[in-house]
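Input: a single structure, listed below in structure tokens.
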Amino acid sequence: MEMMTVEGVYDYLMYVGRVVFQVPDWLHHFLMGTRILFKNTLEMYTDYYLHCKLQQLFQEHRLVSLITLLRDAVFCENTEPRSLQDKQKRAKQTFEEMMNYIPDVIVKCIGEEAKYESIRLLFDGLQQPVLNKQLTYVLLDIVIQELFPELNKVQKEVTSVTSWI
């Protein structure tokens, strides 16, 4: 099996389809064959869509509520804990919504059992609070480095100075 580098949305979707959703070989080969036609189109559409959504998200009147929500989600730990029954109810509802999210066309291609197993794998993977918190910190670090690139430059200078000592 030939190793390929994964670059861009099309490749990531194909990787998730192959590894997580276990798409059949015929569909994987078809998608690889159409990669040259659709990869750039999908990349441009995704860039355009994300650009529009980020412009809507970062309007002045939404920034305060966005920062407050982020602060509460990451740093607030004084909220009252949910009961076990509430957690189970929310987990069941979330799993059902994830199952309903996959279009029927994809289910016909991969099969109902593969759909269930794949969604279960994703669902269980997202139920790890420590990993979710770590992922949030990593993403927040990336966002801060994108917003303030001079911080990354200072970090590189500190690293090069300490290697001299």
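Our numbering puts the first residue of the sequence shown at 114, with every later residue one more than the last. Note that beta-carbon positions come from the ideal geometry of N, C-alpha and C, so glycine has one too. Predicted model, so just to flag it, every value in this text is computed and none were measured.
CB contact check: residue i to chain D, cutoff 8 Å
i    : result
V119 : In the displayed structure, chain D is absent; only one protein chain is listed.
Rounded Cβ spacing between residue i and residue j (contact assumed at less than 8 Å)
i    : j    : result
I223 : F134 : 5 Å
L170 : L183 : Going by Cβ atoms, the distance from L170 to L183 rounds to 12 Å, so no, they are not a contact pair.
Beta-carbon proximity of residue i to residue j, cut-off 8 Å
i    : j    : result
E318 : G121 : Because the chain in this structure spans residues 114 to 278, residue 318 falls outside the shown range and cannot be described.
F208 : F188 : no
Q280 : L252 : For residue 280 there is no data in the structure shown, the boundaries of the chain being 114 and 278.
V218 : K228 : no
V119 : Y128 : yes
Residue interval of the alpha helix (DSSP H) (run including residue i)
i    : result
E120 : Element bounds for E120: n/a, residue is neither H nor E.
T154 : 148 to 170
V133 : Where V133 is concerned, there is no enclosing alpha helix (DSSP H), given that its DSSP letter is neither H nor E.
Local Cβ density within 10 Å of residue i, reported as buried at 16 or more and exposed below that
i    : result
Y123 : buried
S231 : buried
Per-residue DSSP class, three states only, for residue i
i    : result
Q241 : coil
V256 : helix
P262 : helix
I223 : helix
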